[in-house]
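Engineer:
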Amino acid sequence: MRIAMWAALVAVNLFAAPAVTAQVISVPAPTLTAGGSTNIDVMDPANANSTVTVTVENGSENNPESVEIEVQLDGDGVGTATWMVPDSPKWWSAEFRLPGATSQSRLILPRPHGNGDAFTAAAMR
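Take any residue in the sequence shown, count from 1 to its spot, add 273: that is its number in the numbering used here.
(1) Classify PHE288: buried if its beta carbon has 16 or more other beta carbons within 10 angstroms, exposed otherwise.
(2) Can you have a look at VAL285 and say buried or exposed, based on whether 16 or more other CB atoms are within 10 angstroms of its CB?
(3) May I have a chain-ordered list of the beta strand (DSSP E) segments no shorter than 3 residues that lie completely inside the segment 306-374?
(4) Since SER299 and VAL358 should fall inside the 8 angstroms C-beta cutoff, what is the C-beta to C-beta distance between them, to a whole number of angstroms?
(5) For a test of the three-state rule: what should DSSP assign to VAL297, helix, strand or coil?
(6) Looking at the unbroken beta strand (DSSP E) that takes in ARG384, where does it start and where does it end?
(7) Check whether the segment 376-384 and the segment 315-325 are in contact - that is, three or more C-beta pairs closer than 8 angstroms.
(8) Can you list, in chain order, the residues of its chain with a C-beta nearer than 6 angstroms to that of ASN331? Leave out the 5 residues immediately preceding and following it.
(9) Using a threshold of 9 angstroms, state whether the C-beta atoms of ARG370 and THR328 are closer than that.
(10) THR355 to GLY373, Cα distance in whole Å?
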C-alpha cells in the first residue's frame, strides 16, 4: 500500500509540475569578420518583457576579454541585439553565453588584407 501511494505521489508531482521552457541563444552567422557585426537572437519566455545579458568572451587564456550585451525581450520572451565584432588580435573567436542556454562559439576572421589596420598587421607577422 505504501509503495502504491508513493508511486501515485511521484506521478502527480511529475505531471503537475509547470512546463519549463529553456533559454535559447542563436548567432546566425557561421563565422564573424573583425570590424563587422552580427545579430544575437535570444528566446527566454521566463523573462518576457525584460532585459537579459549575453556575455561574449574571446576565449583567450593569456589575454581574456569579455563584453556584456543587453537584449530587450518582448512579451513572448524574444529579442535581438547587434554586436560589433572587435577588430583586435585578442579576438580570434567569440563565445556567446546566456545563463540557462547552450553557448555558441564563432571563429572571427580578419578583415581582408590591405586595409592597414592593426589586426591585419598582427595576422601577417
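In this text, a Cβ means the ideal position worked out from N, Cα and C, and glycines have one as well. Keep in mind it's a predicted model, so treat the numbers as computed, not measured.
Structural biologist: According to the data block:
(1) Residue placement at PHE288 is flagged as unreliable, the pLDDT there being 42, under the threshold of 50; the coordinate-derived value follows with that caveat. Result: exposed.
(2) A caution first: VAL285 carries a pLDDT of 36, below 50, which makes its placement in the model too unreliable to give a value.
(3) Within the segment 306-374, the beta strand (DSSP E) runs of at least 3 residues that lie entirely inside it are, in chain order, 310-316, 324-330, 339-345, 351-357 and 366-370.
(4) In fact, because the Cβ distance is near 16 angstroms, the residues do not count as touching under 8 angstroms.
(5) DSSP, reduced to helix, strand and coil, places VAL297 within a strand of the structure shown.
(6) Under the DSSP assignment, ARG384 falls outside any beta strand (DSSP E); it carries neither an H nor an E label.
(7) Two segments are said to touch when three or more pairs of C-beta atoms, one from each, lie closer than 8 angstroms; by this definition the segment 376-384 does not touch the segment 315-325.
(8) Cβ contact annotation for ASN331 (same chain, cutoff 6 angstroms, sequence separation greater than five): GLU338, LYS363 and TRP364, in chain order.
(9) For the 9 angstroms CB-CB criterion, ARG370 and THR328 form a contact.
(10) If you draw a straight line from the Cα of THR355 to the Cα of GLY373, it is about 21 angstroms long.
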